[in-house]
Structure formats: structure tokens, C-alpha cells
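Written out below as C-alpha cells is the structure these notes cover.
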Amino acid sequence: MERILSSPKKTRLHGDVLQILFLHMDPILPLPRLKMLSVLYHVLGAIPSYQGSVGPALDELCLGLQSKEVAPALSGVYAKDLHVRLACLNATKCILAISSRSVPQDVEISTSIWIALHDPEKSVAEVDEDLWERYDCEFGTDYSGLFRALSHVNYNVRVAASDALVVVLDEYPDTLQAITIFYQLLSDSFKYESLATLFSLYIRDSGVGEDMIDSGWFGRQVIAMALHAAADVLRTKDLPVVMTFLISRALADTNVDVRGRMINDVIMIIDKHGKDNVSLLFPIFENYLNKKASDEEKYDLVREGVVIFTRALAKHLSKEDPKVHAVVEKLLEVINTPSKAVHRAVSSCLSPLMKSKQEDALSLVTRLLDQLMKSEKYGERRGATFGLAGVIKGFGISSLKKYGVATVLREGLAHRNSAKCREGSLLAFKCLCEKLGKLFEP
């Protein structure tokens with residue numbers, strides 16, 4: 049019977065087997081109720097048309113369960129199908145120990161009910177509110193179940209666990225304790241044993257290669273979701289720890305979606321907390337922009353992300369702030385990195401800063417023109433072209449004529465004795481076309 053009902057598809061025997069089961073549901077019978085519950089959850093998920101008959105059967109089965117069986121009975125809340133989760137919660141309320149409010153506090157029960165309470169489907173959360181009230185216990189301080197749920201195979205469970213964790217974090221007035229929980233979460237997801245490892249340069253060796261699947265990406269994805277939702281929880285004293293950790297760990301993530309979410313999380317944190325913490329955050333970013341790494345290709349992802357964060361932070365600087373000069377100089381150093389992604393990021397970052405650099409416009413333009421035509425390294429010449437495009441966009445299209453940029457570039461293209469001049473000028477025209485669009489007509 050179990051083999052028939054465990055089939056992923058409906059068979060001609062399903063109806064008859066279920067009828068036999070339905071005849072043996074009496075609470076006083078010594079039945080393998082937990083196994084029967086598990087099988088019926090499967091049937092309900094695989095064949096939704098049986099909702100009308102399986103739902104009442106689940107309720108009757110649960111009437112015979114003891115308090116020690118509540119936790120496994122709640123396994124249905126981790127199902128991907130909405131109707132299975134609802135049926136599980138409604139059936140669990142039929143357990144005598146639940147209805148009489150006599151279930152002792154249990155970590156597994158608390159975790160399952162708490163996750164259901166934050167289910168992305170409102171109907172599930174509403175049904176679970178009554179169950180949480182009947183359980184009548186505090187969630188406690190053991191978050192291991194939530195951490196495991198963050199890497200659950202079902203997306204709805206990962207989202208619910210993320211929201212559930214955020215609520216837990218929000219309850220802590222001292223967010224250093226909340227951050228510790230967050231690090232525990234990350235440690236659990238990445239299988240690291242020591243918190244000290246969390247602050248090392250992001251060079252993860254998780255056994256993921258070209259021929260292997262990164263099975264942990266969805267856990268990291270929901271970590272990003274949790275951080276996004278918990279941005280308001282952070283305080284000034286927490287920012288250096290969080291930023292250092294995320295830069296060193298998340299910016300070189302092998303999964304594009306995870307990396308993108310983490311970048312957006314940091315930008316949100318900067319938007320919320322950056323205005324009052326520029327002097328705290330900029331040295332952290334500067335430190336990572338100065339770093340050298342054994343794997344430069346991977347570390348370029350880190351540099352690119354930090355440049356993006358620098359741009360987000362620079363928005364909080366006033367036009368007269370002396371820190372603008374330091375930011376621009378650092379970006380002009382970083383642009384020498386032989387990475388096109390970094391070049392693009394720096395170019396976009398430079399443009400909004402030029403409103404504060406009007407007095408230095410000529411020297412900046414001259415410096416970049418000189419580099420793009422004369423530097424010995426191709427990467428530095430290409431970086432200068434992106435920098436020039438960003439600077440020109442910041443100063444305005446009129447700066448092309450004002451500083452003779454187009455004339456210098458045309459002369460560079462016609463330079464017969466220097467391939468570097470010709471190449472740099474051509475790259476510059478290409479970057480200017482890309483950056484300025486239809487406004488630029490060489």
C-alpha cells in the first residue's frame with residue numbers, strides 16, 4: 049500500500065488503497081500514524097484532486113497522536129504546495145495535546161510553527177496564528193532549525209525562514225548579538241567551523257568546480273534576502289563588521305544571483321546608514337581597493353563591488369567635502385586594474401563626483417589623455433579611456449570642446465609613430481560613444 053501511495057503519479061489502485069486506509073483511522077487503533085501522515089502528505093502534493101478526502105483523514109489521524117509526535121506531524125509545513133501546508137496545520141490542531149495547550153516546549157515544534165507563521169502565503173500564516181497561540185511557548189534562542197531551513201530545497205520555505213529570522217533579529221536591542229546570530233547563519237550555510245574564518249579574504253574552496261554543482265547557492269540566496277530585510281536593524285557599531293564580512297565573502301560569490309543580491313543589500317545599508325558614517329566606511333572600502341590577491345580574476349569582482357559601494361557612499365558627500373578629492377584619487381588608482389568590469393564601475397562612479405572637481409577639470413582631463421596614449425600597459429590605457437568618458441560625462445558634453453579632447457584624440461589617431469596613441473585614441477572614442485550616446489558625434 050505504501051509503495052502505491054508513494055507513486056509520483058495517480059494509479060488505478062490509489063482510490064481503493066485510500067479507502068482501505070480511511071477505514072482504519074480510529075484514534076484508539078495502534079497504527080503507524082506518523083508514517084501514514086507522511087504518505088498522505090505526499091499523496092496530497094502529488095494528486096491535489098484528493099484534497100476532499102485526504103484532509104479529513106489527516107485530521108482523524110492526528111486525533112490519535114501524542115505530544116512527542118507533534119514535531120514530525122508538522123513536517124507538512126515544509127511542503128512546496130500550499131494546500132499541503134494548510135492541511136498539515138489544520139490537522140495538527142486536532143492533536144489533543146495541542147488543543148488542550150499541554151505540549152511542552154520543543155525546539156523542532158517551535159521552529160516549524162514559527163516558519164509557518166512567516167509563510168509567504170498569507171492564508172498559511174493566518175491559520176498558523178491560531179496554532180502558535182495554542183502552542184503557547186516562546187520561540188527560544190536555538191536558531192539551528194531556522195538556519196537549516198534557509199537552505200531548504202523548497203523556495204517558499206527559504207523565504208519563510210528568511211522572514212522568520214529577520215523578526216528574531218529585530219527583537220534584539222543589542223544588534224551585536226543579532227550580528228553574531230547572522231554570522232552563525234552564514235557559518236552554517238558555508239559549513240565553516242570558526243568565526244575567525246569569516247573575516248578572511250573571500251577565497252572559498254567549497255569543492256565547487258567546473259564539473260560540480262554548487263548545491264548551497266539557494267541557502268546563500270536567502271541569507272541575502274534576510275540581510276536585505278534586516279538592514280534597519282544594524283547600528284553604527286555593527287557596520288564595520290558587517291561590511292568587512294560581506295565584502296570579503298559575498299562579492300566573489302560564484303552564483304550571479306547571490307552576488308547581485310548581496311551587492312544590492314550593501315547599497316541599501318549604505319543608503320540607510322551611509323550619511324552619518326562616511327568617515328567610518330570609506331577607509332574599509334579603501335583598504336579593499338588597495339589589496340592584492342593571489343587570484344586577481346576573482347578579486348576583480350571584489351574591486352568592482354567595492355567601487356559600486358564607493359559610488360553609493362559618495363552620494364552622501366557634500367560638494368565641498370574634502371573627502372571627494374580622496375575618493376577621486378583612489379578611483380583613478382583603481383582604474384589601472386586590468387579589468388573591464390572594474391573600469392566600467394569606476395567610470396560610472398567618477399561622473400557624479402565631478403561637480404566637486406570643476407577647478408581641477410583641466411588637470412584631470414590632461415592626466416587621463418596622457419595615460420591613455422602613453423602608458424606602457426594596455427590595461428592602464430584602456431582604464432584611462434573609461435575614466436575619461438566618466439569624467440567628461442560628469443563635467444558635461446561642453447567639456448569636450450572646452451578642453452580640446454576631441455582634437456587631441458583625432459591627432460592621436462593620426463599619429464604614425466605610436467601605435468599606443470592610435471589604439472588609446474580609438475578606445476577613447478569608443479568609450480565616449482558608449483558613455484555619452486547620441487550626444488557625442490566624433
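So the sequence shown is numbered by our numbering: it starts at 49 and just counts up by one.
Here a beta-carbon is modelled for each residue, glycine too, at the ideal position from N, C-alpha and C.
Assigned exposure category for residue i - 16 Cβ within 10 Å defines buried
i: Arg-283; result: exposed
i: Val-390; result: buried
i: Leu-475; result: buried
i: Phe-247; result: Its pLDDT being 28, under 50, Phe-247 is placed unreliably in this model, and the coordinates cannot settle the point.
i: Ser-150; result: exposed
i: Phe-477; result: buried
i: Gly-485; result: exposed
i: Glu-352; result: buried
i: Arg-458; result: exposed
i: Lys-403; result: exposed
i: Ile-440; result: buried
i: Tyr-203; result: exposed
i: Lys-483; result: buried
i: Arg-51; result: exposed
i: Ser-199; result: buried
i: Lys-367; result: exposed
i: Ser-446; result: exposed
i: Gly-460; result: buried
i: Val-201; result: exposed
i: Gly-472; result: buried
i: Tyr-426; result: exposed
i: Val-304; result: exposed
i: Ala-467; result: exposed
i: Ala-374; result: exposed
CB-CB length for residue i against residue j, believed under 8 Å
i: Val-118; j: Cys-136; result: The pair is not a contact, with the Cβ atoms about 11 Å apart (cut-off 8 Å).
i: Gly-435; j: Ser-395; result: 6 Å
i: Ala-209; j: Leu-194; result: 5 Å
i: Val-205; j: Ala-212; result: Rounded, the Cβ-Cβ distance is 10 Å, inconsistent with contact.
Contacting residues, own chain, Cβ-Cβ under 6 Å from residue i (five flanking each side not counted)
i: Leu-275; result: Asp-313
i: Leu-480; result: Ala-437 and Phe-488
i: Ser-55; result: none
i: Tyr-89; result: Gly-124 and Val-132
i: Gly-103; result: Ala-135
i: Ala-300; result: Tyr-250, Lys-346, Leu-349 and Val-350
i: Phe-187; result: Ser-158 and Trp-162
i: Arg-307; result: Asp-301
i: Glu-108; result: Met-73
i: Leu-417; result: Val-456
i: Ser-423; result: Arg-429
Contacts around residue i, its chain only, beta-carbon distance under 8 Å, and the 5 residues preceding and following it disregarded
i: Gly-322; result: Leu-329, Ala-360, Leu-361, Lys-363 and His-364
i: Met-49; result: Val-65, Ile-68 and Leu-69
i: Asn-325; result: Thr-284 and Leu-287
i: Leu-179; result: Leu-137, Thr-140, Lys-141, Ile-146, Ile-161 and Ala-164
i: Lys-371; result: Val-326, Ser-327, Phe-330 and Leu-365
i: Ser-171; result: Leu-130 and Leu-134
Host alpha helix (DSSP H) of residue i (start-end)
i: Ser-115; result: No alpha helix (DSSP H) contains Ser-115, which DSSP labels as neither H nor E.
i: Glu-174; result: 170-183
i: Ser-55; result: Looking at the DSSP string, Ser-55 is not in any alpha helix (DSSP H), and its letter there is neither H nor E.
i: Gln-99; result: 99-110
i: Pro-152; result: That residue, Pro-152, is in no alpha helix (DSSP H); it is neither H nor E in DSSP.
i: Val-390; result: 388-401
i: Arg-430; result: 426-443
i: Gln-67; result: 62-70
i: Lys-405; result: No alpha helix (DSSP H) contains Lys-405, which DSSP labels as neither H nor E.
i: Ala-197; result: 192-197
i: Cys-136; result: 130-140
i: Thr-284; result: That residue, Thr-284, is in no alpha helix (DSSP H); it is neither H nor E in DSSP.
i: Pro-331; result: 326-338
i: Tyr-89; result: 81-94
i: His-373; result: 371-382
i: Val-304; result: 304-321
i: Gly-472; result: 467-484
i: Arg-464; result: Where Arg-464 is concerned, there is no enclosing alpha helix (DSSP H), given that its DSSP letter is neither H nor E.
i: Ser-447; result: 447-450
Neighbourhood of residue i by C-beta, 7 Å cutoff - its chain only, sequence neighbours within 5 removed
i: Arg-430; result: His-391 and Leu-475
i: Glu-334; result: Lys-378
i: Lys-320; result: Ala-279 and Asp-280
i: Leu-106; result: Leu-85, Leu-88, Ala-135 and Ala-139
i: Tyr-336; result: Ile-295, Val-350 and Val-354
i: Arg-415; result: none
i: Met-316; result: His-276 and Ala-279
i: Val-382; result: Leu-337, Arg-351, Val-355, Val-390 and Val-394
i: Ala-272; result: Val-306, Arg-309, Met-310 and Asp-313
i: Ser-399; result: Gly-438, Lys-441 and Gly-442
i: Pro-168; result: Asn-204, Val-207 and Ala-208
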